[in-house]
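Protein chains in written order, with my numbering: chain A, 1 to 249; chain B, 250 to 708.
The C-beta atom is built at its ideal place from N, Cα and C for all residues, glycine as well.
What follows is the structure, given as structure tokens:
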């Protein structure tokens, strides 16, 4: 088995340690004797998503996101839309998550059309939502409790054809108002969680890996790993943020 | 000019609060100034008026560069003040000036070396009216506090716009810093940098804080890299490019775990420079300091002597007589942390490594930056690391970072408490390198200084 990962715009959308998610995906496969490879697709490159099992898009600065729009509109947007409908496994964080939605409207009313692959949109706000977060994934997304860090000023609102990834326990989540966090649509998982998201949340990481591998190789169940260090980091943070232990509860 | 009455009261109050702080064995480096500013918001502008000041700002190297300039001032026999304690916001800078002026606001010192936080520059420069401003570099740093890097850049730019006569010493190799001179400022500029001929060993990094042109957003091309996004950049689309530095490191003669020697080209010819601090990024700090000290009229000979004798403190390559010799290397952001790791990769003895991660306000509450630092480099020298400790409030996260960088998890020891960590280290005979974040450094340093002597942070 080999997992083929596409890292889209790694040179531009690379804020807040999101690259740690790629490190995590690859190491957790390596420790199980499964190969993986990462292709970095940058501005100007052709994107052929049928070559890949998993697409990862991270978050970036506003300055950098502006650089991307013309490149997306030159064909990548269409490719992403059809691959998602086709069932490609996608993990997308913060700016990358917003980018897959319909549009972004700035605080002063300027609307920017995005990829339009997911039924959601984002509206800029004056205040930033910053801090550690805890959220509980829906049953469809594995039901695990995820701990992360968010830093965004955009408020994201989900449409009726997508589901939230999780419900907020600590923090703001999508918009600080409806207690939803992230998005789940087919095999797309979007989240505001930096941290990076995966290393402290091995259960969620393995769910992604199994989803991606199963699509190519038929139903795959990964062997368990020694996750004591991961779970210690996970549980200690949850204890600090909620005053109680949620893991396994 | 006569001082307004609120300024006089503010000075009295500030000195009184500082006196009380020291009685209570507290630093009192920022609080007295903060309260004095409530009575007189522009107090600093009165006190700094007659002082010839160098201000140092930027993401990394502010403290080291300031201490180097200070060493040159001291070597030149100038009477100066400096905010040595790291209190580099308006409040701390004001406190320092109050403590160095008479009750009527008359300056007791003719010169000053002031380290200034990059977000505070906007307000500080206008009141400080520095003769010379050094900008060391710009890297992503504490995004939860500073926001995006372009925001930091515009903070500094705003600060500079208030002082059109100040001479700027800018890092020519940093496309972000160099862009300060790109907006038609009237300020004179002196450039410093490291030329391609120096052959500074660059470990290629997949992550750049400035990959695309700040002017036109096209991707930069590079003739060479020195580290992170620093190097010989040029934009193929709009032509924005690196300036030839006035002070350029042209050759590195030697670099070991204690010092480096380099040839530097200056407007008055080539000089041979010994920097009494290891690691390549300190060559940049030395070049910046030399550029600034020259701009203040200090002779090259004196600068060279100062840099050769200089020893930094306060967690920046600071040495302690603990275990087989301990060095503390403060780390704050991916660029600085990767540089520290690159330095460690060149140490050729066995040693003990300690990494301490906190997430308090002064460290940045977001610790995800550790995943952007090149800890994968540990794989190339993990056999020389005989023991690896992680410590601090977020030791668990640090442990994970090291595990996923490929360091064997079972060789990592977690010790949250600085006291017990110091106990364990004091049993060792090997050299120790400690990489702490800012508040982790303060905590651990206090314990180590208590154990084996050293200065309090305000000294």
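Same chain only: Cβ atoms within 7 Å of residue i, ignoring 5 sequence neighbours per side
i                      : result
residue 266 of chain B : 277, 280, 281 and 284
residue 103 of chain A : 111, 112, 113, 114 and 121
residue 435 of chain B : 413
residue 611 of chain B : 687 and 688
residue 364 of chain B : 305, 311, 312, 315, 332 and 337
residue 95 of chain A  : 13, 59, 60 and 65
residue 535 of chain B : 317, 522, 524 and 556
Burial state of residue i (16 or more Cβ within 10 Å)
i                      : result
residue 507 of chain B : exposed
residue 10 of chain A  : buried
residue 185 of chain A : buried
residue 192 of chain A : buried
residue 440 of chain B : buried
residue 503 of chain B : exposed
residue 651 of chain B : buried
residue 311 of chain B : buried
residue 325 of chain B : buried
residue 392 of chain B : buried
residue 618 of chain B : buried
residue 343 of chain B : buried
residue 24 of chain A  : buried
residue 37 of chain A  : exposed
residue 615 of chain B : buried
Identity of the residue in the options nearest residue i by Cα
i                      : options                       : result
residue 457 of chain B : B/343, B/468, B/477 and B/438 : B/477
residue 621 of chain B : A/226, A/196 and A/223        : A/196
residue 599 of chain B : B/624, B/637 and B/568        : B/637
residue 438 of chain B : B/489, B/320, B/375 and B/382 : B/382
residue 473 of chain B : B/446, B/467 and B/320        : B/446
residue 174 of chain A : A/89, A/241 and A/123         : A/123
residue 271 of chain B : B/316, B/348 and B/304        : B/348
residue 582 of chain B : B/686, B/654 and B/655        : B/686
residue 204 of chain A : A/140, A/38, A/58 and A/55    : A/140
residue 101 of chain A : A/210, A/77 and A/86          : A/77
residue 740 of chain B : B/417, B/298, B/426 and B/606 : Given a span of 250 to 708 for chain B in the structure shown, any question on residue 740 of chain B remains unanswerable.
residue 443 of chain B : B/601, B/669, B/357 and B/494 : B/494
residue 137 of chain A : A/202, A/145 and A/131        : A/145
residue 256 of chain B : B/294, B/601, B/459 and B/268 : B/294
residue 172 of chain A : A/163, A/155, A/209 and A/83  : A/155
residue 671 of chain B : B/699, B/556 and B/314        : B/699
residue 327 of chain B : B/302, B/339 and B/459        : B/302
residue 505 of chain B : B/433, B/595, B/530 and B/486 : B/595
residue 544 of chain B : B/560, B/520, B/516 and B/533 : B/516
residue 230 of chain A : A/206, A/222, A/178 and A/108 : A/206
Neighbour list for residue i in chain B, Cβ cutoff strictly below 8 Å
i                     : result
residue 93 of chain A : Chain B residues near residue 93 of chain A: none, gap ~10 Å exceeds 8 Å.
Closer than 8 Å at the beta carbon, the chain A residues around residue i
i                      : result
residue 649 of chain B : 199, 200, 229, 230 and 233
residue 392 of chain B : 15, 16 and 151
residue 599 of chain B : Those within 8 Å of residue 599 of chain B in chain A number zero; the least Cβ separation is about 25 Å.
residue 495 of chain B : Chain A residues near residue 495 of chain B: none, gap ~30 Å exceeds 8 Å.
Own chain, CB closer than 6 Å to residue i, minus 5 neighbours either side, in chain order
i                      : result
residue 307 of chain B : 384, 385 and 386
residue 577 of chain B : 564, 567 and 683
residue 248 of chain A : Low per-residue confidence applies at residue 248 of chain A: pLDDT is 42, beneath 50, and the placement is therefore not dependable enough to give any value.
residue 262 of chain B : 285
residue 190 of chain A : 92, 97, 182 and 183
residue 634 of chain B : 602
Neighbouring residues, chain A, relative to residue i (Cβ below 7 Å)
i                      : result
residue 652 of chain B : 229
residue 239 of chain B : The shown model of chain B, from 250 to 708, leaves out residue 239 of chain B, and the question about it has no answer.
residue 621 of chain B : 17 and 19
Spatial neighbours of residue i in its chain, beta-carbon cut-off 8 Å, leaving aside the 5 residues before and after
i                      : result
residue 648 of chain B : 639, 658, 661 and 663
residue 589 of chain B : 528, 578, 580 and 684
residue 20 of chain A  : 195, 196, 198 and 199
residue 666 of chain B : 640
residue 160 of chain A : 119
Beta-carbon neighbours of residue i, restricted to chain B and to distances below 7 Å
i                      : result
residue 253 of chain A : No statement about residue 253 of chain A is possible, as the shown extent of chain A runs from 1 to 249 and does not include it.
Closer than 8 Å, Cβ to Cβ, to anything on chain A: give me those residues from the region 451-478 of chain B, in chain order. 455, 456, 457, 460, 461, 466 and 468
Residues in the region 193-214 of chain A with C-beta within 8 Å of chain B's C-beta atoms, listed in sequence order? 194, 195, 196, 199 and 200
Give the residues from the region 136-152 of chain A that approach chain B closer than 8 Å (Cβ to any Cβ), ordered along the chain. 149 and 151
Going along the region 402-419 of chain B in order, which residues come within less than 7 Å of chain A, judged by CB to CB distance? none
Of all the residues that make up the region 608-619 of chain B, which are near chain A by a beta-carbon distance shorter than 9 Å? 608, 614, 615, 616, 617, 618 and 619
Along the region 4-26 of chain A, where does the CB come closer than 8 Å to a CB of chain B? Name the residues. 10, 11, 12, 14, 15, 16, 17, 18, 19, 20, 23 and 24
The region 657-690 of chain B: positions lying closer than 7 Å to chain A by Cβ: 658
What residues in the region 120-131 of chain A bring their beta carbon closer than 9 Å to a beta carbon of chain B? 128, 130 and 131
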